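Undergrad: In my numbering, the protein residues as written are 7 to 368.
Can you read through this structure? Questions will come right after.
Following this line, the structure appears as structure tokens:
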């Protein structure tokens, strides 16, 4: 479809959870609610949502680290065809800026490369540094990214044989302050309990996974408005990871199993307390791409109401990331389904049409 032709989306357009319209038009790649005078009109019928958001996804990364561009392309296409049209890339060693020049691939908000403590993260993924260098590396990745920086807040400590916080309080306070000075928000990978209070009190904006939330830290998150991205499709792998580490690190393995067992209760308690919750799959390390529908379903299983779980990958997620949805004049990034995803989020697993930059791409 050329940029000059018109696409007519007809049926139910979910501009917001309570803003439902009968139709929209796409003219010149942008959304309009005014009927255009055009003869070349193609009509798509169904339930339309803003392009889905995966707020924790790694394009350009696999289990071994950086991947070639053709592999990155396949990853991005897989996400796109699943309806994910906006990605917050929560850490990647690859330079994926070339994707910005492709109007058939999802839009990416980058967090630069992970920043981890030396030998305290997955090999080949992160800058591995010591606390005295944290501010400098945060400043570097803030300048390279798109308004986000990603820290590794905790990881296996081989000396204790269990999960442990990676950074002293003064280092993260200075680093987060520097990121904010440069206009970037900060998020951190955190599985366990003991890194959370320092990170939140230091001013962090988001926590990834957040399996270590407790009755003591949940109110702190809610008070400070710190968001979480639970990545439940990733947390589902904890028992397998625990089995693999049982012999060498039994304390760590037992801890991972406990975090897994209470995962749904943790997410529901966070939601009930008013903590913002967003959808992220953690695709690109050991997980496949294209899992956004499964993550939304997991949030519902955890007890989040379906409309709120839907918002966590659509209206709410886009507002949080500062990107438009289906507003007048916005870039036409949307997904059309055969049924109402508010009634059954499993509808998300089968997009009828994917429209990116005003073109039907899937």
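All C-beta atoms in this analysis are idealised placements derived from N, C-alpha and C, irrespective of residue type, glycine included.
Every value quoted in this text rests on a predicted model; they were computed, and no experiment measured them.
Need the endpoints of the beta strand (DSSP E) that residue 317 sits in, please.
TA: For this step, residue 317 is matched to residue 311 along the chain shown. That residue, residue 317, is in no beta strand (DSSP E); its alpha helix (DSSP H) goes 312–317.
Undergrad: I'd like the span of the beta strand (DSSP E) that includes residue 52, first residue to last.
TA: Position 46 of the chain shown holds residue 52. Its beta strand (DSSP E) spans residues 47–56.
Undergrad: So residue 161 packs on residue 126, CB below 8 Å; how close in whole Å?
TA: For the purposes of this step, residue 161 is identified with residue 155 of the chain shown, where counting begins at 1. For the purposes of this step, residue 126 is identified with residue 120 of the chain shown, where counting begins at 1. Yes, they are in contact, since the Cβ atoms of residue 161 and residue 126 sit about 4 Å apart, within 8 Å.
Undergrad: For residue 228, which of 167, 279 and 157 has the nearest alpha-carbon?
TA: As a first step, residue 228 must be located in the chain shown, where it is residue number 222. Among 167, 279 and 157, the Cα nearest to that of residue 228 belongs to 279.
Undergrad: Does the stretch 280–293 come into contact with the stretch 64–71, if we say contact requires no fewer than three beta-carbon pairs (one atom in each stretch) closer than 8 Å?
TA: The stretch 280–293, when compared against the stretch 64–71, does touch it at the 8 Å Cβ threshold.
Undergrad: Report, in whole angstroms, the separation of the C-beta atoms of residue 16 and residue 49, which I expect to be a contact under 8 Å.
TA: For the purposes of this step, residue 16 is taken as residue 10 along the chain shown, with counting starting at 1. For the purposes of this step, residue 49 is taken as residue 43 along the chain shown, with counting starting at 1. Residue 16 to residue 49, Cβ: 6 Å. Contact.
Undergrad: Name the residue from 341, 164 and 352 whose alpha carbon lies nearest to the alpha carbon of residue 51.
TA: Position 45 of the chain shown holds residue 51. Residue 341 is the option with its Cα nearest to residue 51.
Undergrad: Can you tell me which of the three DSSP states residue 22 falls into?
TA: Mapped onto the chain shown, residue 22 falls at position 16. Correct three-state label for residue 22: strand.
Undergrad: Exposed or buried, what is residue 130 when buried is set at 16 or more other beta-carbons lying within 10 Å of its beta-carbon?
TA: As a first step, residue 130 is located in the chain shown; it is residue number 124 there, counting from the start. The residue in question, residue 130, is exposed, as its Cβ has fewer than 16 Cβ neighbours within 10 Å.
Undergrad: Locate the beta strand (DSSP E) running through residue 343, then write down its first and last residues.
TA: Position 337 of the chain shown, counted from the start, is the residue given in the question as residue 343. That run of the beta strand (DSSP E) goes 340–343.
Undergrad: Taking residue 113 as part of the beta strand (DSSP E), name the residues at either end of that continuous run.
TA: Sequence index remark: in the chain shown, residue 113 carries index 107 (1-based). Unbroken beta strand (DSSP E) run through residue 113: 113–116.
Undergrad: Please state the DSSP three-state secondary structure of residue 128.
TA: Your numbering for residue 128 matches position 122 in the chain shown. The answer is coil: DSSP assigns residue 128 none of H, G, I, E or B.
Undergrad: Quick one: is the Cβ of residue 331 within less than 8 Å of any heavy atom of the ligand ZN?
TA: Summarising the ligand content, the structure contains no ligands, and the ligand ZN is consequently not present.
Undergrad: Determine the DSSP secondary structure at residue 135, reduced to helix, strand or coil.
TA: As a first step, residue 135 is located in the chain shown; it is residue number 129 there, counting from the start. Note: residue 135 maps to strand in three-state DSSP.
Undergrad: Output the boundary residues of the beta strand (DSSP E) element that contains residue 214.
TA: On the chain shown, residue 214 is found 208 positions in, with the first residue counted as 1. It spans 212–215 - the beta strand (DSSP E) in which residue 214 sits, taken as one unbroken run.
Undergrad: Under 7 Å Cβ to Cβ from residue 372, same chain only, skipping five residues before and after it: list those, please.
TA: One cannot answer for residue 372 here, as it falls past the ends of the chain, which runs 7 to 368.
Undergrad: Hey, would you say residue 86 sits closer than 9 Å to residue 360, going by beta carbons?
TA: Counted from its first residue, the chain shown places residue 86 at position 80. Counted from its first residue, the chain shown places residue 360 at position 354. Yes, the pair counts as a contact, with Cβ atoms nearer than the cut-off.
Undergrad: Report the three-state DSSP secondary structure of residue 225 (helix, strand or coil).
TA: Taking the first residue of the chain shown as position 1, residue 225 is located at position 219. Of the three classes helix, strand and coil, the one that applies to residue 225 here is helix, per DSSP.
Undergrad: Where does residue 240 sit, in a helix, a strand or coil, going by DSSP?
TA: Taking the first residue of the chain shown as 1, we reach residue 240 at position 234. Looking at residue 240 - three-state DSSP - the assignment turns out to be helix.
Undergrad: Quick one, are the C-beta atoms of residue 257 and residue 168 less than 9 Å apart?
TA: Stepping through the chain shown from its first residue, residue 257 is reached at position 251. Stepping through the chain shown from its first residue, residue 168 is reached at position 162. Going by C-beta atoms, residue 257 is nearer than 9 Å to residue 168.
Undergrad: What residue does the beta strand (DSSP E) around residue 201 start on, and which one ends it?
TA: To locate residue 201, count along the chain shown from 1; it is residue 195. It is not in any beta strand (DSSP E) - residue 201 carries neither H nor E in the DSSP assignment.
Undergrad: Check each candidate in 316, 133, 307 and 146 and name the one with the smallest Cα separation from residue 123.
TA: On the chain shown, residue 123 is found 117 positions in, with the first residue counted as 1. When only C-alpha atoms are compared, the closest one is 133.
Undergrad: Among 142, 79, 192 and 348, whose alpha-carbon lies nearest the alpha-carbon of residue 152?
TA: By 1-based counting over the chain shown, the position of residue 152 is 146. Of the candidates 142, 79, 192 and 348, the one whose C-alpha sits nearest the C-alpha of residue 152 is 192.
Undergrad: Short check: CB of residue 224 to CB of residue 275, under 9 Å?
TA: Locating residue 224 in the chain shown gives position 218, where the first residue counts as 1. Locating residue 275 in the chain shown gives position 269, where the first residue counts as 1. Contact flag set, yes.
Undergrad: With distance defined between alpha-carbon atoms, name the residue in 368, 346, 267 and 365 nearest to residue 19.
TA: Here residue 19 refers to the residue found at position 13 of the chain shown. Nearest of 368, 346, 267 and 365 to residue 19, Cα basis: 346.
Undergrad: Straight-line CA distance for residue 216 to residue 363?
TA: Stepping through the chain shown from its first residue, residue 216 is reached at position 210. Stepping through the chain shown from its first residue, residue 363 is reached at position 357. Residue 216 and residue 363: Cα-Cα distance of roughly 34 Å.
Undergrad: Determine the burial state of residue 79: buried for a count of at least 16 other Cβ atoms within 10 Å of its Cβ, exposed for fewer.
TA: Residue 79 sits at position 73 when you count from the first residue of the chain shown. Looking at its Cβ environment, which holds 16 or more other Cβ atoms inside 10 Å, residue 79 is buried.
Undergrad: Count the other CB atoms within 10 Å of the CB of residue 147; is the residue buried (16 or more) or exposed (fewer)?
TA: Position 141 of the chain shown holds residue 147. It counts as buried.
Undergrad: Leaving aside the five residues before and after residue 241 along the sequence, list all residues of the same chain whose C-beta is less than 8 Å from its C-beta, in chain order.
TA: Counted from its first residue, the chain shown places residue 241 at position 235. 215, 217, 265, 266 and 269.
Undergrad: Which residue's Cα is closest to the Cα of residue 326: 212, 336 and 177?
TA: What you label residue 326 is simply residue 320 of the chain shown in a count that begins at 1. When only C-alpha atoms are compared, the closest one is 212.
Undergrad: Give the C-beta separation of residue 210 and residue 232 to the nearest angstrom, bearing in mind that I take them to be a contact with Cβ-Cβ under 8 Å.
TA: Residue mapping note: residue 210 aligns to position 204 of the chain shown, counting from 1. Residue mapping note: residue 232 aligns to position 226 of the chain shown, counting from 1. With a Cβ gap of about 6 Å, residue 210 and residue 232 count as contacting.
Undergrad: Look at the alpha carbon of residue 58 and the alpha carbon of residue 113, and state the distance between them as a whole number of angstroms.
TA: Taking the first residue of the chain shown as position 1, residue 58 is located at position 52. Taking the first residue of the chain shown as position 1, residue 113 is located at position 107. Distance between the alpha carbons of residue 58 and residue 113: 11 Å.
Undergrad: Going by DSSP, what residues sit across from residue 170 in a beta bridge?
TA: Position 164 of the chain shown, counting from 1, holds the residue named residue 170. Bridge partners of residue 170: 161.
Undergrad: Run through the stretch 255–342 for me and flag every whole alpha helix (DSSP H) of 4 or more residues, listed as ranges in chain order.
TA: Counting whole runs of 4 or more residues, the stretch 255–342 contains the alpha helix (DSSP H) stretches 256–267, 269–278, 298–307, 312–317 and 321–327.
Undergrad: Who does residue 29 pair with in a DSSP beta bridge?
TA: As a first step, residue 29 is located in the chain shown; it is residue number 23 there, counting from the start. Residue 29 pairs with 16.
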